[in-house]
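In the working numbering, the protein residues as written are 1028 to 1369.
Every residue gets a Cβ at the ideal spot worked out from N, C-alpha and C, and that includes glycine.
Okay, so here's the structure we're looking at.
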């Protein structure tokens, strides 16, 4: 509903007040009569009526209603959704502290956040393993699994033969979908479309924000490809197999991993096989997740010319917000380049 507001001088010089009768008449489609400005009591009455009228507008006019309450599971996804909702609302972040989405117990404050949300965006059931139970116990909230977004390129999780280093694929989807910029574009489009349908009065702005974000993400993709092109054939070793989306997108053809889960250390046979792999392929860098170097790495690299560097797929050390995703992906590419180039 468009509102016209007229200002007129009151009995005090160099001041103006809103003529609320004009506003009310516009709302009610009745004739407007200019009030007697010289009567302060009437002016106060007009102010009271205007306040009541504006309150009713806020309550009953959907244009002024609260936008959709959005909750996002982890920082990289929260960063992307924050771009989509810019100028409309600020999405809440569920895992804001140094918490692993794999093994996570909800705090009372986080349960309240979920109960207050209209939409909850998350990566996948196997990354945010706490979500399936929430679906059964929480009403009036839309759980949006972004791994199901149209256009997303999903990869199955990998494991290894007991006696070798050959990756084997499984039917379970690898949920680290955000580590592909192309996937980030697709899941952002999916989120923007969902929010546009749920909050149609802001649909134009959601789509504009999506267009702006897409341009920035395409530049990020181009910059990372250019940076990593010179080291794409270098052999490297990840402690945790979280980076196959990043490997594929940036054409890192000789990447290996130690374990499919940070919580599961490899056995003796696997350690021997990894040491042999490091020697025969001349791996120069092993990448581990913060905060501490796993003791296993010292065993693997003993007497070998291998460097260690930190990579974090969820960007737990990077502040939350719109810049988070870009900093995460730029830091990942730069860390790989710095270690492998030298």
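Going straight from the alpha carbon of residue i to that of residue j, what length do you get?
i            : j            : result
residue 1245 : residue 1173 : 19 Å
residue 1301 : residue 1321 : 15 Å
residue 1315 : residue 1336 : 6 Å
residue 1250 : residue 1356 : 10 Å
residue 1366 : residue 1143 : 44 Å
residue 1323 : residue 1293 : 9 Å
residue 1369 : residue 1256 : 15 Å
residue 1156 : residue 1291 : 17 Å
residue 1097 : residue 1288 : 30 Å
residue 1325 : residue 1298 : 11 Å
residue 1137 : residue 1224 : 26 Å
residue 1163 : residue 1139 : 16 Å
residue 1133 : residue 1308 : 43 Å
residue 1329 : residue 1295 : 15 Å
residue 1275 : residue 1175 : 19 Å
residue 1159 : residue 1306 : 43 Å
residue 1349 : residue 1231 : 20 Å
residue 1135 : residue 1319 : 29 Å
I'd like to know whether the C-beta atoms of residue i and residue j end up nearer to each other than 8 Å.
i            : j            : result
residue 1106 : residue 1148 : no
residue 1166 : residue 1095 : no
residue 1202 : residue 1150 : yes
residue 1327 : residue 1313 : yes
residue 1352 : residue 1258 : no
residue 1268 : residue 1185 : yes
residue 1118 : residue 1109 : yes
residue 1340 : residue 1270 : yes
residue 1141 : residue 1122 : no
residue 1111 : residue 1233 : yes
residue 1153 : residue 1200 : yes
residue 1347 : residue 1206 : no
residue 1252 : residue 1277 : yes
Could you give the residue range of the beta strand (DSSP E) that holds residue i?
i            : result
residue 1148 : 1146 to 1149
residue 1172 : 1169 to 1172
residue 1438 : With the chain represented from 1028 up to 1369, any question about residue 1438 goes unanswered, as that position is not in the structure.
residue 1099 : 1097 to 1099
residue 1263 : 1263 to 1267
residue 1315 : 1312 to 1315
Over what stretch of residues does the alpha helix (DSSP H) that includes residue i continue unbroken?
i            : result
residue 1162 : 1158 to 1164
residue 1324 : 1322 to 1328
residue 1238 : 1230 to 1255
residue 1364 : 1351 to 1368
residue 1219 : 1208 to 1225
residue 1305 : 1295 to 1308
residue 1334 : Segment 1334 to 1337 is the beta strand (DSSP E) holding residue 1334; no alpha helix (DSSP H) there.
residue 1108 : 1102 to 1111
residue 1276 : 1271 to 1276
residue 1136 : 1135 to 1143
If you drop the 5 nearest sequence neighbours on each side, which residues of the same chain put their C-beta closer than 6 Å to that of residue i?
i            : result
residue 1208 : 1244, 1247, 1248
residue 1169 : 1146
residue 1279 : 1259
Ordered along the chain, which non-local residues of its own chain (more than five positions away) have a Cβ less than 7 Å from that of residue i?
i            : result
residue 1359 : 1273, 1338
To which residues of the same chain is residue i closer than 8 Å at the C-beta, ignoring the five residues directly before and after it?
i            : result
residue 1354 : 1342, 1345
residue 1254 : 1360, 1361, 1364
residue 1332 : 1311
residue 1221 : 1146, 1169, 1171
residue 1391 : This structure cannot settle anything about residue 1391, because the visible part of the chain is limited to 1028 through 1369.
residue 1334 : 1311, 1312, 1313, 1366
Check whether the region 1175 to 1184 touches the region 1207 to 1215, taking contact to mean three or more Cβ pairs, one atom from each stretch, closer than 8 Å.
-> yes
Evaluate the contact criterion for the region 1250 to 1267 versus the region 1278 to 1285: three or more CB pairs, one atom per stretch, below 8 Å.
-> yes
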